[in-house]
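A.B. asks: Encoded as structure tokens, here's the structure I'll be asking about.
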Amino acid sequence: MLSKAYEPQEVEKRWRRHWEEEKTFTPDMSAPGEPYSIVIPPPNVTGILHIGHALNQTLQDILCRHARQKGKKVLWIPGTDHAGIATQNVVERALAKEGKRRADLGREAFIERVWEWKKKYGGQILGQIKALGASVDWTREAFTMDDNLARAVRKVFVQLYEEGLIYKGKYIVNWCPRCHTALADDEVDHVDSQGMLWHIRYDFADGSGSVTIATTRPETMLGDTAVCVHPDDERYAGLVGKKLILPIAEREIPLIADRYVDMEFGTGCLKVTPCHDPNDWKLGHAHGLEFIQVIDDNGNMCNEEASGRFTGMSREECRKSIVEELRANGHLVKEEPLSHSVGCCYRCKTVIEPYVSTQWFVAASKMAPAARAAVPDKIRIYPDSWTKTYYNWLDNIRDWCISRQLWWGHRIPAWTCPDCGELIVSESDPDRCPKCGCTRLEQDPDVLDTWFSSALWPFSTMGWPDKQEDLRTFYPTSVLVTAFDILFFWVARMVMMGQHFMGEVPFREVYIHALVRDAQGRKMSKSLGNGIDPQDMIEKYGADSLRFTLAAFAAMGRDIRMSEERIEGYRHFINKVWNASRFALMNLPEDRAPEVVDLGTVKGLHNKWILSRLEEVKEEEDQALEGYRFNDAAQCVYKFLWNEFCDWYLELIKADMREEGEAKKEAQFVLYTVLKEILLLLHPMIPFVTAEVWDSLPGCEGTDIATQPYPEIRPQCRKEKDADEMSFVQEVISAIRTIRAELDIKPSYRLSVVLRPASEEQAALLEANRGFLELARLEKVSIDAGAHAPKASASNVVRGCEVIVLLTGAVDFQAEVARLTKEIGKVEKDLATLGAKLANPGFASRAPAELVESEKTRHADLEDKKAKMLALQKRFMEAMG
RNA sequence: GGGCGGUUAGCUCAGCUGGUAGAGUAUCGGUCUUACACACCGACUGUCAGGGGUUCGAGUCCCUUACCGCCCACCA
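For our numbering, add 1480 to where a residue sits in the first sequence, where the first one is 1.
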């Protein structure tokens, strides 16, 4: 027997172990069934599972478990990402506590140290995936630094190099002076900040006047090699080509013209520092300017010749000194505050320095068109609104800087010969220079951007390039489930690589889910400390509660505001599932499944009704999941279980269960069937509690719900007429309950009721099912259209049937008058809106005939109800005198 | 400067192809009715942001205004 309240901890632990030990989620390659596959977006090894991961994984798990139920051969591959910068930073911080820096260890020892760290902590995040109940195949767990993934990386790199799609070159890149590495464009966060715009006067060398430039970065002026204006700017007409004296440096630089300059901004006069600004870099090349570097890789002033006395200062110190000096010597014309955005490192928030260096690039601009064309024909994006964003990014893509000056990552498979300078790019480590035979080859010190290996994830995790079996069966994957924040970092790049190397897109569909925010709508982050730790929630409320909450809130294209209260609320639901099951167990045979009954020919109206509704719910859930409407799927089963199965059906069969007989046998089998199927419908969302209950059902002991098929469809159980008749009985019961509650009659007091049916049919229906009326706790029921209505009574009308409750003794008569008046008021309000609608000539002529007809019927029914209630009220008032 | 999303009950949010506004939570009243107080029965609350349009009919489609939020962009 199950315990009284559901205690998730022990149950979850057991099932987790069971699924892992039994390898339940390792697909049988020889089994039939359409393949269905997903690769998990690999969380960073440094990470701790946050609520966003929990959502991401819950949704994937729902899809996978559902697909399994539908008979598909399902593979869900788990894994983690080595997360170059992030992980290196974490380990460097740990070293710093020991007073060491990575240089103190040297490259090899440092990498060894990172691996140790990974072994120790990298498993943490996997444990959290397990805790959530994700039905991944642990035998295929992958890590982006695994040997076979490293081979994939090398092969891809070499091939792209040979095809001219990877190249090496000297460019201005985003440089983080703290992480000491280049960053890709999209690894730079733009943060709004309040800065200064300094106006500085540059005099002409011939003493014929001056121009004034405006800049936010005066420290870079030491590297200025020109000043630029717009060719059409009349203010500077005739001046282009003249020489200016660069203040402080006292160097001559030319005044040039280029259409790039915005005449509206500042003074319309731009200082050009080709080595320290990406735009100026372009101008420098276009105009053949000199390139003078004045800031080094640490963000300090360098180049004694150019920087002079400022050499060695940090960029910030230098800025201050230069401004002071300009102010002192009168070249500073104006200072004004300016809000602008500043590029920062997405990992450490340090201000990015545009920096000229030699880097490796992927010619993304050449690969983008194919990736663009894949959507929407080969890849469908849900919700569709992201398609535009995807296009927009690909249309404006620039080549992707993939080299990082880090130690942790896939080292670039390129070597240079110290003797002849030959560049060798090769899958295997070369032992000598093919050109001069030198054996002292030096490997490029850089590693690849983390996202380079991530881009190969859908096929590298399936064994490419070595093994083919998984690829043949499971590539392309069925769907990619991810949050929008990595649409660019990851999704678009996977498409490019998949197309290029597999000749096929990596996934058929992309489902973009919401971002989880806190109760105030802010992005959850460690720095804000507003995160909800899924681990805590699982311990407190159980994984099922967390999962169901996430599913219920996962409406498409919306952010989710998460709070603990909501998870607590859904824990009630899990408990409800548990207790409904306990009730069922108490009413079913203990050691065997109940006797089978033909479900198409059950007699009880309640049985016909619940079976009919069940059919509808099955279809609803299936369609909701088909369209990634997780919230609808969760909601429809939730309501069915709670508001129909528990609130009505279980109450209705209590009478059947009291004595042995046909009614009990029928109810037992229907109860058994409906409960089992509800469990199946809920299982993808709340796997643990459903597994536990299933295992304890008679006839199911020792079986695993995770391997059971989706409930069969039973068209013979669809009985809308019966279902509607049952609703009528329910409405009558509710009407009596409402009267009882509003007149403050004790629940324990048994009422007598007179029902005056509106038709022969109604009369027969009520007569046949009068036992159900017991749910309203009654003493005596008379069903008679001609019955005399007692004077001291309260009343209501349900589908034309008058419900008259006898009031004897201590009842507040005023209360009944008030209640009736209110009730009539409601009817009148409905009549008014409906009447206006019907009175509209356009409605009758243009609306569908069916609708007009049903509205007319409704109107007539309301009129009837109103008339009957007025009559009852009148009689009641007469009784009061 | 482009693009996207939001504005519905006190709070948090659902409302698919236009056809009587919904759930949870909160509040109020009543119940230990033999699965569940993590429960049961009942009640209350809405100019669906403002304005205009299309339509017989709009929370739902179109335009517009306001406020909030996000993304992208080489804003010196």
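Even for Gly, the Cβ is constructed at its ideal location relative to N, Cα and C.
1) Have a look at I1992, P1945, P1938 and T1957 and flag the residue whose alpha-carbon is nearest the alpha-carbon of F1964.
2) When the Cα atoms are used, what is the spatial distance from E2131 to L1960?
3) Under 8 Å, do F1505 and G1559 count as touching if we go by C-beta distance?
4) Any chance you could list the alpha helix (DSSP H) runs of at least 4 consecutive residues sitting entirely within the segment 1598-1653, in chain order?
5) Might you give, ordered along the chain, the residues of its own chain that have their beta carbon closer than 7 Å to the beta carbon of A2243, omitting 5 neighbours on each side?
6) Pull up the CB-CB distance for L1806 and A1706, whole angstroms please, since I reckon it's below 8 Å.
7) Going straight from the alpha carbon of S2325 to that of L2331, what length do you get?
8) Terminal residues of the continuous beta strand (DSSP E) containing Y1682?
9) Comparing C-alpha positions only, which one of W1970, R1658, E1667 and M1743 sits nearest to A1851?
10) Starting from the Cα of M2165, find the closest Cα among E1596, L1663, R1545 and K1503 and give me that residue.
11) Where does C1798 sit, in a helix, a strand or coil, going by DSSP?
12) Please name the residue, chosen from S1845, V1671 and L2235, that lies closest to I1877 on a Cα-to-Cα basis.
13) Could you tell me which of M2042, N1759, L1812 and I1557 sits nearest to I1693, measuring between CA atoms?
14) So for A1729, helix, strand or coil by DSSP?
15) From the DSSP output, in three-state form, read off A1737 for me.
16) Cα-Cα, which of L2245, M1977, G1792 and C1824 is closest to M1847?
17) Quick check on the DSSP output: what are the complete alpha helix (DSSP H) runs of length 4 or more inside the segment 1482-1553, in order along the chain?
18) Going by Cα to Cα distance, which pick from Y1647, S2092, R1587 and E2139 is closest to E2153?
19) Given E2358, which residues of its chain have a CB within under 8 Å of its CB, disregarding the five upstream and five downstream residues?
20) Helix, strand or coil: how does DSSP classify L2065 here?
21) What residue from I2219, E2142, A2267 and S1958 has the CA that sits closest to P1515's CA?
22) Count the C-beta pairs between the segment 2105-2125 and the segment 2202-2221 that are closer than 8 Å, then say yes if the count reaches three, no if not.
23) Ignore the nearest five residues each way along the sequence and tell me which others in Q1568's own chain have a CB closer than 6 Å to its CB.
24) Quick one: residues in its chain with C-beta nearer than 7 Å to the C-beta of P1945, no 5 flanking neighbours on either side, listed in chain order?
25) If I follow the unbroken beta strand (DSSP E) through G1823, where does it start and stop?
26) Threshold first: 3 residues or longer. Then list the beta strand (DSSP E) segments lying entirely within the segment 1883-1956, N to C.
27) Could you pull out every unbroken alpha helix (DSSP H) segment of at least 4 residues lying fully inside the segment 2082-2127, listed in chain order?
28) Assign K1751 to one of three DSSP states: helix, strand, or coil.
29) I'd like to check one pair, L2350 with L2314: are the Cβ atoms closer than 8 Å?
30) Determine the extent of the beta strand (DSSP E) in which I2284 is found, giving its start and end residues.
31) Count Cβ pairs between the segment 1587-1595 and the segment 1677-1696 that sit closer than 8 Å; are there 3 or more?
32) Suppose contacts are defined by Cβ-Cβ distances below 8 Å. Is D2202 in contact with K2309 by that definition?
33) Cutting at 8 Å between CB atoms, please list the residues of its own chain near A2031, excluding the five before and the five after it.
34) Considering only residues of the same chain and omitting the five flanking positions on each side of F2418, which have a CB-CB separation below 7 Å?
35) Contact check, P1956 vs E1984 under 8 Å by CB: the rounded distance?
36) Helix, strand or coil: which one does DSSP assign to E1714?
C.D. replies: Per the coordinate set shown:
1) Looking up residue 1964 in the first sequence gives position 484. Measuring from the Cα of F1964, the nearest candidate turns out to be I1992.
2) For the purposes of this step, residue 2131 is identified with residue 651 of the first sequence, where counting begins at 1. For the purposes of this step, residue 1960 is identified with residue 480 of the first sequence, where counting begins at 1. Their Cα atoms are separated by approximately 44 Å.
3) Position 25 of the first sequence holds residue 1505. Position 79 of the first sequence holds residue 1559. Inclusion of F1505 and G1559 in the CB contact set at 8 Å is not warranted, their separation being larger than that value.
4) Segments of the alpha helix (DSSP H) lying fully in the segment 1598-1653: 1627-1642.
5) Position 763 of the first sequence, counted from the start, is the residue given in the question as residue 2243. The residues are P2237, I2263 and A2265.
6) By one-based count along the first sequence, residue 1806 stands at place 326. By one-based count along the first sequence, residue 1706 stands at place 226. With a Cβ gap of about 19 Å, L1806 and A1706 do not count as contacting.
7) On the first sequence, position 845 is the one that residue 2325 refers to. On the first sequence, position 851 is the one that residue 2331 refers to. Cα-Cα distance, rounded: 11 Å.
8) Translated into the one-based positions of the first sequence, residue 1682 becomes position 202. Looking at the DSSP string, the run of the beta strand (DSSP E) that includes Y1682 is V1668 to F1684.
9) Against the first sequence, residue 1851 aligns to sequence position 371. Cα-wise, what sits closest to A1851 is W1970.
10) The count along the first sequence starts at 1 and reaches residue 2165 at position 685. Checking every option, the nearest Cα to that of M2165 belongs to R1545.
11) Against the first sequence, residue 1798 aligns to sequence position 318. In this structure, C1798 counts as helix in the three-state DSSP scheme.
12) Residue numbering aside, residue 1877 sits at position 397 when the first sequence is read from its first letter. It is S1845 whose Cα lies nearest to the Cα of I1877.
13) Translated into the one-based positions of the first sequence, residue 1693 becomes position 213. Of the listed residues, the one whose Cα sits closest to I1693 is L1812.
14) Indexing the first sequence from 1 puts residue 1729 at position 249. Looking at A1729 - three-state DSSP - the assignment turns out to be coil, as it is neither helix nor strand.
15) If you number the first sequence from 1, residue 1737 lands on position 257. It is a strand residue.
16) Working through the first sequence from its first residue, we reach residue 1847 at position 367. Comparing Cα-Cα distances from M1847 to each of L2245, M1977, G1792 and C1824, the minimum goes to M1977.
17) 1488-1501 and 1531-1549
18) Your numbering for residue 2153 matches position 673 in the first sequence. Reading off the sequence shown, one finds Thr at residue 2153, where the question assumed Glu. The residue with the shortest Cα to Cα distance from T2153 is S2092.
19) The residue you call residue 2358 lines up with position 878 of the first sequence. Excluding positions up to five away in sequence, the list reads K2271.
20) Working through the first sequence from its first residue, we reach residue 2065 at position 585. Per DSSP, reduced to three states, the secondary structure at L2065 is helical.
21) Here residue 1515 is taken as the residue at index 35 of the first sequence, counted from 1. Residue S1958 is the option with its Cα nearest to P1515.
22) no
23) Here the question's residue 1568 lines up with position 88 in the first sequence. These residues qualify, in order along the chain: L1886 and W1888.
24) By one-based count along the first sequence, residue 1945 stands at place 465. Same-chain partners within the cutoff: R1631, A1632 and K1635.
25) Locating residue 1823 in the first sequence gives position 343, counting from the first residue. Residue range L1812 to C1825 is occupied by the beta strand (DSSP E) that includes G1823.
26) 1894-1896 and 1903-1905
27) The alpha helix (DSSP H) runs of length 4 or more contained entirely in the segment 2082-2127 are, from start to end of the chain, 2085-2106 and 2110-2119.
28) The residue labelled residue 1751 in the question sits at position 271 within the first sequence. Note: K1751 maps to strand in three-state DSSP.
29) The sequence position of residue 2314 within the first sequence is 834, counting from 1. The sequence position of residue 2350 within the first sequence is 870, counting from 1. Their beta carbons are not under 8 Å apart, which means L2314 does not touch L2350 by this criterion.
30) Looking up residue 2284 in the first sequence gives position 804. Taken as a continuous stretch (DSSP letters only), the beta strand (DSSP E) holding I2284 covers C2281 to L2286.
31) no
32) Taking the first sequence and counting its residues from 1, one reaches residue 2202 at position 722. Taking the first sequence and counting its residues from 1, one reaches residue 2309 at position 829. No, the pair does not count as a contact, with Cβ atoms beyond the cut-off.
33) If you number the first sequence from 1, residue 2031 lands on position 551. Here the set comprises T1538, L1539, I1542, F2110, N2111, A2113, A2114 and M2165.
34) Since the first residue shown for the chain is 1481 and the last is 2361, residue 2418 is missing from the structure and cannot be characterised.
35) Locating residue 1956 in the first sequence gives position 476, where the first residue counts as 1. Locating residue 1984 in the first sequence gives position 504, where the first residue counts as 1. Going by Cβ atoms, the distance from P1956 to E1984 rounds to 5 Å, so yes, they are a contact pair.
36) Within the first sequence, the letter at position 234 stands for residue 1714. In the structure shown, E1714 sits in a helix (DSSP, three-state: H, G or I).
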